[in-house]
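Residue numbering for the sequence shown follows our numbering, starting at 1 and increasing by one per position.
We put the CB at the ideal spot given by N, CA and C, even for glycine.
One structure below.
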Amino acid sequence: MSGKLERLRAEMAGVRSRRYKLLFLLPETASASAIAGEMEREGIAAINVSLLLSDKLRHVAPDKRPYEVAKHVKQAINGHINEYKADVVCLYHIEYLFDLELKQNPIKLLEALSGNIVLLVAWPGGAEQGVLYYADPEHPEYDSNGEYGSCILPY
1 MSGKLERLRA EMAGVRSRRY KLLFLLPETA SASAIAGEME REGIAAINVS LLLSDKLRHV
61 APDKRPYEVA KHVKQAINGH INEYKADVVC LYHIEYLFDL ELKQNPIKLL EALSGNIVLL
121 VAWPGGAEQG VLYYADPEHP EYDSNGEYGS CILPY
């Protein structure tokens with residue numbers, strides 16, 4: 001097992017005792033898709049959130065979409081948990097969650113979805129001094145969160 005995977009396993013063990021079982025993976029050299037592929041090779045289910053939601057929400061009226069997001073992601077997570085017989089899921093390509101049309105707070109949504117499972121999130125933004133951010137501050141989809149500084153893992 002590579003050093004990255006050993007560190008990931010150790011971090012996963014650490015978050016299992018927390019209320020929100022979230023680990024944010026910051027891609028250093030690999031893309032989010034490459035991280036997802038690596039997770040699947042290790043027996044960890046990976047869900048392309050943007051692809052899932054764009055497929056599930058395409059026939060839903062735009063004003064109803066915000067109410068369907070959590071339901072569809074939760075169903076996908078539960079399906080993968082049952083298929084893989086595991087309590088860890090990797091979410092990648094989560095950019096659509098930041099779309100203003102969906103009216104979501106992505107971090108709060110991920111907290112709600114984590115429940116009794118560990119969510120590994122390939123974070124599409126960056127992190128500075130323990131603060132996760134997505135997009136530039138001038139961008140309408142900008143988001144930042146400083147609650148998970150200890151749950152950020154360069155990967």
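Looking at the structure shown, is GLU42 part of a helix, part of a strand, or coil, going by DSSP?
As a first step, residue 42 is located in the sequence shown; it is residue number 42 there, counting from the start. Three-state DSSP puts GLU42 in coil, outside helix and strand.
Classify GLU101 as helix, strand or coil using the three-state DSSP reduction.
Reading the sequence shown from its first residue, position 101 is the one you call residue 101. In the structure shown, GLU101 sits in a helix (DSSP, three-state: H, G or I).
I think ILE47 touches HIS72, with their Cβ atoms under 8 Å apart; what is that distance to the nearest whole Å?
Translated into the one-based positions of the sequence shown, residue 47 becomes position 47. Translated into the one-based positions of the sequence shown, residue 72 becomes position 72. Actually they are not in contact, since the Cβ atoms of ILE47 and HIS72 sit about 10 Å apart, beyond 8 Å.
So, is GLN75 buried or exposed, given that buried needs 16 or more other C-beta atoms within 10 angstroms?
The residue given as residue 75 occupies position 75 in the sequence shown. GLN75 is exposed by the Cβ-count criterion.
Taking contact to mean at least 3 C-beta pairs separated by less than 8 Å, is the segment 60 to 69 in contact with the segment 17 to 30?
no
Does SER50 come out as helix, strand or coil in the three-state DSSP assignment?
Residue numbering aside, residue 50 sits at position 50 when the sequence shown is read from its first letter. It is helical.
Between the C-alpha atoms of LEU52 and ALA30, what's the straight-line distance to the nearest angstrom?
Indexing the sequence shown from 1 puts residue 52 at position 52. Indexing the sequence shown from 1 puts residue 30 at position 30. About 22 Å.
Can you give me the C-alpha to C-alpha distance between ASN116 and HIS139, rounded to a whole angstrom?
Taking the sequence shown and counting its residues from 1, the one referred to as residue 116 is at position 116. Taking the sequence shown and counting its residues from 1, the one referred to as residue 139 is at position 139. Cα to Cα, ASN116 sits roughly 34 Å from HIS139.
Status (buried if at least 16 other CB within 10 Å, exposed otherwise) for GLU83
As a working note, residue 83 is residue 83 in the sequence shown. Answer is exposed; the Cβ neighbour count stays below 16.
Spatially closest choice to TYR142 from LEU120, SER114 and LEU97, by CA coordinates
Taking the first residue of the sequence shown as 1, we reach residue 142 at position 142. Checking every option, the nearest Cα to that of TYR142 belongs to LEU97.
With DSSP run on the structure shown, which of helix, strand or coil describes PRO154?
Along the sequence shown, read from residue 1 onward, the residue named residue 154 stands at position 154. If DSSP states are grouped into helix, strand and coil, PRO154 belongs with the strands.
Can you tell me where the alpha helix (DSSP H) with VAL69 in it begins and where it stops?
Position 69 of the sequence shown holds residue 69. First-last of the alpha helix (DSSP H) with VAL69: 65 to 84.
Which listed residue (LEU22, GLU68, GLU42 and LEU113) has its alpha carbon closest to that of GLU6:
The sequence position of residue 6 within the sequence shown is 6, counting from 1. Among LEU22, GLU68, GLU42 and LEU113, the Cα nearest to that of GLU6 belongs to GLU42.
Buried or exposed: where does GLU104 fall if 16 or more other Cβ atoms within 10 Å of its Cβ makes it buried?
Position 104 of the sequence shown, counted from the start, is the residue given in the question as residue 104. It is Gln, not Glu, that sits at residue 104 in the sequence shown. Its Cβ being crowded by 16 or more others within 10 Å, GLN104 is buried.
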